[in-house]
Amino acid sequence: MAVSTKTEYALRALLKIAEEPEAAVSAQTICDQQQLPKKYIEHLLSSLKNAGLIVSSAGLKGGYILAKSAAEITLYDIIKAVDDHRLELDCNMGSKYCRGEDCNLKPIFIEIGEKQRELFRSYSLAKIAEKIREED
27 MAVSTKTEYA LRALLKIAEE PEAAVSAQTI CDQQQLPKKY IEHLLSSLKN
77 AGLIVSSAGL KGGYILAKSA AEITLYDIIK AVDDHRLELD CNMGSKYCRG
127 EDCNLKPIFI EIGEKQRELF RSYSLAKIAE KIREED
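Spelled out as structure tokens, the structure:
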């Protein structure tokens with residue numbers, strides 16, 4: 027299962043914002059330092075803002091800051107904010123080939139999906155940043 031660019035780029039942007047807890051970070055700064063496409067990042071930043079993960083300010087010294095501490099923002103929050111369903115294992119209930127309530131695999135898929143969400147919730151932005159620092 028591959029991480030989508032939505033999740034990866036949003037995570038990279040948030041890590042950059044988290045590096046500067048006292049100062050607003052502009053979209054241009056994020057794009058320049060992370061080598062990311064500005065239009066795409068602006069769209070993701072809007073999604074992160076709508077999800078309450080960041081706040082923005084306008085003006086010369088404007089930009090983005092975290093709305094909560096990096097320890098309170100989880101990988102799961104980020105995945106949800108950018109509407110990335112690729113990382114979620116879910117039952118295909120209701121699809122063309124679904125066997126409905128007669129499917130004996132449904133409980134297994136539900137259990138695995140919940141464990142996966144638990145794992146994503148266990149990684150905060152602060153924890154991810156710490157692991158990156160440890161590896162550098």
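Residues 27 to 162 (this note's numbering) make up the sequence shown, in order. A virtual CB, placed ideally from N, CA and C, is assigned to each residue, including glycine.
Residue pairing by DSSP places valine 81 opposite Ile91 in a beta bridge.
Going by C-alpha positions, glycine 88 is about 24 Å away from lysine 32. Note on valine 81: under 16 other CB atoms within 10 angstroms of its CB, so exposed under the neighbour-count rule.
For histidine 69, the enclosing alpha helix (DSSP H) begins and ends at 64 to 76.
Annotation for glutamate 98: no residue places its beta carbon closer than 6 Å to its own, counting only its chain and skipping 5 residues before and after. With contacts defined by Cβ atoms closer than 9 Å, leucine 74 and leucine 151 do not form a contacting pair. With contacts defined as CB atoms closer than 9 Å, leucine 79 and isoleucine 154 fail to qualify as a contacting pair. A check of alpha carbon separations from isoleucine 67 across Asp110, Ile105, Arg38 and Ile138 identifies Arg38 as the nearest.
Taking the CA atoms as reference points, isoleucine 43 sits about 24 Å from histidine 111.
Counted as a single uninterrupted DSSP element, the stretch harbouring lysine 122 is not any alpha helix (DSSP H), since DSSP gives it neither H nor E. Alanine 50 and tyrosine 90 have their C-alpha atoms roughly 5 Å apart. For valine 29, DSSP assigns no beta-bridge partner whatsoever.
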